[in-house]
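Working notes, structure below.
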Amino acid sequence: MLRKTGLLFLFLLLLLPLTQAIAQDWIRTGTNRGAPIRLAVPDFKPSGSDPQNAPLLSVFNDTLWSDLDNAGIFDMVAKSFYPAAQPGQPSEMKLDAWGNAPVNAAMVAFGNLGVNAGKVDVQGWLFDAKNASFPQVLGKQYREDATPDKARLIAHRFADEIIFRLGGGIPGIAESQIYFVSLRSGTKEIWSMDYDGANQKQITKLGSVALSPRISPDGSRLAFSGLTHDSWQILMYSMDLGRTVAFPRYSGDNFSPAWSSDGTKIAFSSSMHSGLSEIFVADASGANARRLSTGKGDVSPVFNPKTNGQIAWVSGRTGLPQIYVMDADGSNVQKMTDQGYAVSPAWSPNGLLLAFSWVRNYGPGVLGGQDIYLMDIASRQIVQLTHDGGRNDFPSWSPDGRHIVFQSNRSGTEQIWSVLADGTHLQQLTRQGRNSQPNWSFK
Amino acid sequence: MAYVRANMFYEREQWKKPLLVSVGFHGALVLAILVLGYVLAPHGTSNWGATGEGSAIHADVVASIPLPHTEESPNIVANESKGVTQTVPQPKPVETEDGISIPGKVTKPKTIDKPQTQERVQPRPTPTPEQTAVAYGEGGPVSGPYGNFNTTSTKGGFSIQNADFGAQFGWYVQNVNRVVSNAWYQVEVDPRVTNAKRVYLLFDIDRNGRPSNVRFEQRSDIPSLDQSAMRALQRIDTFGPLPPGYRGDKVSVEFWFDYHR
Amino acid sequence: MNNSKRLLIQVLGVLCLLMVVNGCHGGKTTPPPPPPKATAPTATLSANPTQIEQGQSAQLQWSTTDATDVALDGNKVDPSGSQTVSPTQTTTYHLTAKGAGGTQEATAQITVAAKPTPTPTPAPTPPPVTDEQLFNQNIADVFFDYDKADLRPDGAAMLARAAQLIKQKGWRVQIEGNADERGSTEYNLALGERRADAAKQALLSAGVSADSLKTISYGKEKPQCTESNEECWQKNRRAHFTLLK
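Residue numbers (the numbering used here), protein chains in the order written: chain S, 32 to 474; chain W, 26 to 286; chain R, 678 to 922.
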């Protein structure tokens with residue numbers, strides 16, 4: 032009797048972590064969790080003795096390391112383990128030193144950089160440290176103007192090559208952009224920055240309130256909501272022309288635009304029909320707006336980027352805002368969340384996961400944190416991504432589906448942060464002023 | 026006699042009360058455990074996210090994610106997925122280009138891919154950093170860390186038809202390995218399954234890295250297991266383009282595994 | 678002003694007329710020499726209209742009997758006829774009919790109202806309250822509960838009263854919905870929209886016409902205060918009203 036009870040006890044104990052594990056089993060973020068590739072990246076060697084080599088090398092090495100470290104698929108071997116001899120050419124590469132202890136790398140990226148007559152030449156290789164007979168995975172050569180910005184660009188490109196090859200054919204994101212709202216100029220305007228927070232620059236000069244930036248899939252146009260003299264309107268900024276271009280003015284207030292991933296449609300929230308916000312879809316030019324939803328207070332639509340056949344959005348039709356999904360023609364409405372305060376849905380590039388911001392326990396006086404959660408749409412399983420309290424909102428997926436950028440006030444003011452979709456590698460991207468509503472480019 | 030009988034009678038009486046108490050106590054204990062299990066289980070807040078800002082060292086408490094541990098396979102020699110035990114996956118002697126039939130099965134025609142190197146006898150790549158190293162000359166074409174497939178409940182391997190492909194582009198096979206394990210939701214498998222017959226799944230990868238022609242060579246007779254493996258392949262859009270150094274139009278891959286809970 | 682002036686003129690005119698009539702009477706009182714049993718002439722004179730404004734014209738009509746000499750203000754005219762005249766000031770016209778039996782006179786007066794000359798009046802005293810002040814005094818913010826867009830009873834009552842004033846004055850009103858800082862930016866824009874709409878519906882059902890109302894939501898973008906406490910949050914959960922020009 033006692034023995035049976037003992038076994039039962041044991042069995043039940045084993046069940047406890049299983050339920051948590053089951054949720055995690057469903058959330059696949061492509062980050063090789065548990066089996067990352069051990070990658071060694073020694074500093075690139077200078078080729079030649081031009082004094083400009085050193086500063087460019089410094090920028091290049093730092094950028095390359097940080098791009099690969101943040102890729103989400105590598106386990107970077109610390110430089111302190113590296114052998115003393117720095118390889119700059121394949122002939123200088125001694126694989127057994129890298130493939131065995133203490134480095135134990137699976138892959139090594141190395142190369143050289145040299146400035147010559149105002150141009151910088153970079154040669155880079157990726158070697159399989161376990162394959163002495165056929166070590167070379169790739170070899171690349173780059174030539175650009177000898178400036179720090181170009182050195183950074185080459186590092187981004189080389190890192191993306193490596194990530195593409197070793198990451199199952201998913202392109203790297205080192206050249207992608209993040210668009211966001213910043214108050215640092217005095218009014219809320221749309222800014223842009225590199226995916227790692229570099230090169231932050233102001234784009235719009237509305238002089239009023241600009242919110243909800245959404246870049247088009249081909250990167251040529253930026254849609255956003257702007258407060259004009261008498262109402263909110265969807266405004267369209269041409270990145271090529273450097274100014275806003277025509278977009279229809281609709282009556283009432285119009286905000287929270289979103290692009291379909293083929294660039295042909297824009298969904299947005301508008302009160303033109305009933306005085307209350309409802310979801311509309313129009314052509315990319317803004318024409319032919321059709322009403323899709325009939326709720327009270329519907330905002331933040333977002334297309335399923337894999338199929339463009341579904342739209343997720345936020346509705347307050349039952350009281351507190353919840354996440355809903357419908358087909359792109361407005362039919363087949365499904366409620367995805369049913370408690371707390373759920374806003375800001377963001378669909379993963381592979382169409383399988385929804386990231387959103389959730390206050391699970393909501394109510395006046397309840398100091399519930401607002402955190403980013405991931406939901407597997409097929410199974411409705413949910414995992415919590417951020418844990419450190421404060422308010423975390425507006426998640427946006429990277430094009431490789433491995434990273435999420437979001438706004439958080441955990442540092443004291445509203446700033447933009449990025450994190451791997453498995454919760455690791457949390458990084459602050461902005462520090463100046465107040466920054467919010469990030470949007471990751473499509474490529 | 027009477028005394029003995031009285032004794033037995035006495036003993037029997039004695040059982041009832043303590044027995045009831047014992048049963049009651051155990052029942053309460055079980056109930057308490059169930060309640061505790063119920064209370065603790067559904068809270069999904071687990072080890073998923075980072076519990077601190079990105080520091081240099083972070084310990085990810087992983088509950089039981091069935092991801093492969095390709096590099097860290099402990100007992101390579103004893104591991105049946107290694108090419109060491111030549112009986113299980115068909116060993117491909119490097120000398121021939123013909124396909125070798127799997128023991129006990131119908132010979133299947135293998136796609137012959139153009140070899141790109143003249144060298145036939147190549148030193149086997151040394152496996153992962155552990156002290157367990159596959160001896161030279163042993164192992165199939167994708168022995169070593171590349172073709173090994175491991176999860177908590179599955180051990181298997183990849184075989185590429187072209188012997189040289191695995192030797193020269195082991196990193197690509199590793200890549201295939203990773204992509205498949207990331208796409209495989211073993212949660213889909215019926216939890217009552219503990220053992221399954223070995224499954225052989227075949228598919229092609231074209232120049233652009235797209236899988237095609239996914240088919241079973243041998244099923245496990247457990248529908249949920251077969252289905253979950255098939256779905257894994259169907260979920261995959263691309264493995265990444267075939268290596269530029271490879272001249273063929275495609276590679277044919279055989280993916281086999283044993284499922285043991 | 679015009680009216681009293683007019684009255685004055687009319688009084689003066691009447692007095693004039695009386696004087697004239699008296700005078701005429703005076704003329705009339707001289708007894709004509711007894712005619713040798715001839716019929717006395719008759720004369721009638723009428724003006725149409727009898728009152729005109731400066732610059733306008735009127736028509737004189739007359740008729741006589743048994744008269745051989747008919748003169749209108751000294752000008753020989755037919756025994757019966759009409760004439761258009763445009764006097765610049767109040768004038769009495771005399772028709773004289775002479776015959777064998779005597780002389781008969783008739784008069785008609787045309788009153789001419791002078792154009793009102795703008796008299797230099799003292800500057801008008803400013804109205805005691807401007808429209809804007811009146812607006813703000815009577816149409817205060819309405820406040821809402823946490824994450825709700827339902828009007829509270831006091832807000833509803835205020836709006837019902839305000840509706841009367843809006844209708845009477847014919848004002849155009851902008852209703853601005855706001856939310857406190859805690860919610861999400863985009864959702865708060867929709868919540869502000871609902872709050873503005875709730876206030877609008879209340880005004881519509883009190884009879885205000887829809888085209889005098891305009892709604893807009895500011896979400897949490899234009900807060901009244903920025904402290905992070907319930908007092909400030911409540912201040913921001915409001916619908917605000919402004920007078921549109």
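By construction, the Cβ of each residue, glycine as well, lies at the ideal position given by its N, Cα and C atoms.
The structure presented is a predicted model; accordingly, all values stated were derived computationally and were not measured.
Euclidean distance between Cα positions of residue i and residue j
i, j, result
"S/Thr235", "S/Tyr210", "11 Å"
"R/Ser861", "S/Leu258", "17 Å"
"S/Gln370", "S/Gly350", "10 Å"
"S/Ile194", "S/Gly200", "8 Å"
"W/Pro268", "S/Ala160", "17 Å"
"R/Thr716", "R/Thr768", "31 Å"
"W/Asn204", "W/Ile185", "For the record, residue 204 of chain W in the displayed sequence is Val; it is not Asn. Using only the alpha carbons, I get a separation of about 16 Å."
"S/Ala128", "W/Asn202", "26 Å"
"W/Phe183", "W/Gln243", "15 Å"
"W/Ser249", "W/Glu213", "7 Å"
"W/Pro236", "S/Leu197", "17 Å"
"R/Ala879", "S/His304", "19 Å"
"W/Asp138", "W/Gly273", "Residue placement at W/Asp138 is poorly supported in this model, since its pLDDT is 43, which falls under 50; the coordinates still yield a value, given next. Going by the C-alpha atoms only, they are around 6 Å apart."
"R/Val754", "R/Gln786", "18 Å"
"S/Asn536", "S/Pro82", "Since the first residue shown for chain S is 32 and the last is 474, residue 536 of chain S is missing from the structure and cannot be characterised."
"S/Ser302", "W/Ala208", "42 Å"
"S/Gln365", "S/Met357", "6 Å"
"S/Pro11", "W/Met255", "This structure cannot speak to residue 11 of chain S, because chain S is shown only from 32 to 474."
"S/Ser324", "R/Gln911", "30 Å"
"R/His771", "R/Thr745", "16 Å"
Closest Cα partner of residue i within the set the options
i, options, result
"S/Asp74", "S/Glu206, S/Gly257 and S/Gly155", "S/Gly155"
"W/Gly181", "W/Leu226, W/Leu61, W/Trp196 and W/Arg235", "W/Leu226"
"S/Asp516", "S/Phe278, S/Ser239, S/Ser269 and S/Thr275", "Since the first residue of chain S shown is 32 and the last is 474, residue 516 of chain S is not available in this structure."
"S/Ala109", "S/Gln458, S/Asn135 and S/Asn84", "S/Asn135"
"S/Phe425", "S/Gly217, S/Asp81, S/Leu266 and S/Ala373", "S/Ala373"
"S/Asn248", "S/Ser207, S/Gly328, S/Gly283 and S/Arg215", "Looking at the sequence itself, residue 248 of chain S is Pro, so the reference to Asn does not match. For the residues S/Ser207, S/Gly328, S/Gly283 and S/Arg215, the minimum Cα distance to S/Pro248 belongs to S/Ser207."
"S/Gly203", "S/Ser301, S/Ala85, S/Asp227 and S/Ser216", "S/Asp227"
"S/Leu416", "S/Gln401, S/Ser291, S/Gly79 and S/Pro82", "S/Gln401"
"W/Val276", "W/Ser245, W/Phe282, W/Asn238 and W/Pro43", "W/Asn238"
"S/Tyr2", "S/Tyr281, S/Ile246, S/Gln365 and S/Asn285", "Nothing in the structure corresponds to residue 2 of chain S, since chain S is present only between 32 and 474."
"S/Ala102", "S/Arg422, S/Val390 and S/Phe189", "S/Phe189"
"R/Lys897", "R/Glu858, R/Asp822 and R/Ala867", "R/Glu858"
"W/Trp281", "W/Asn187, W/Phe190, W/Ile58 and W/Phe228", "W/Phe228"
"S/Asn92", "S/Val450, S/Val72 and S/Arg462", "S/Val72"
"S/Val276", "S/Ser251, S/Trp263, S/Trp222 and S/Lys296", "S/Ser251"
"W/Asp215", "W/Val278, W/Ser178, W/Tyr197 and W/Val46", "W/Ser178"
"R/Ser681", "R/Cys909, R/Pro900, R/Ala790 and R/Lys775", "R/Ala790"
Beta-carbon spacing of residue i, residue j below 8 Å
i, j, result
"R/Ala883", "R/Ala916", "no"
"R/Thr741", "R/Ser757", "yes"
"S/Glu309", "S/Ser300", "yes"
"S/Ala359", "S/Asn381", "no"
"R/Lys825", "R/Ile852", "no"
"S/Pro179", "S/Pro86", "yes"
"S/Val153", "S/Ile185", "yes"
"R/Thr773", "R/Gln736", "no"
Where residue i falls: helix, strand or coil (DSSP)
i, result
"S/Arg196", "helix"
"S/Met303", "coil"
"W/Ser178", "coil"
"S/Asp100", "helix"
"S/Tyr173", "strand"
"W/Lys42", "helix"
"S/Arg465", "coil"
"W/Ser184", "strand"
"S/Leu70", "strand"
"S/Ala160", "coil"
Residue-chain proximity (residue i, chain A), Cβ-Cβ < 8 Å
i, result
"W/Thr263", "Any reference to chain A falls outside this structure, whose protein chains are S, W and R."
Original post:
Which runs of the alpha helix (DSSP H), 4 residues or longer, sit entirely within the stretch 827-891 of chain R?
Top reply: For the alpha helix (DSSP H) assignment, the uninterrupted runs of no fewer than 4 residues enclosed by the stretch 827-891 of chain R are, from N- to C-terminal side, 830-846 and 862-882.
**OP:** Could you pull out every unbroken alpha helix (DSSP H) segment of at least 4 residues lying fully inside the stretch 333-416 of chain S, listed in chain order?
**Re:** Taken in chain order, the stretch 333-416 of chain S contains no complete alpha helix (DSSP H) segment of 4 residues or longer.
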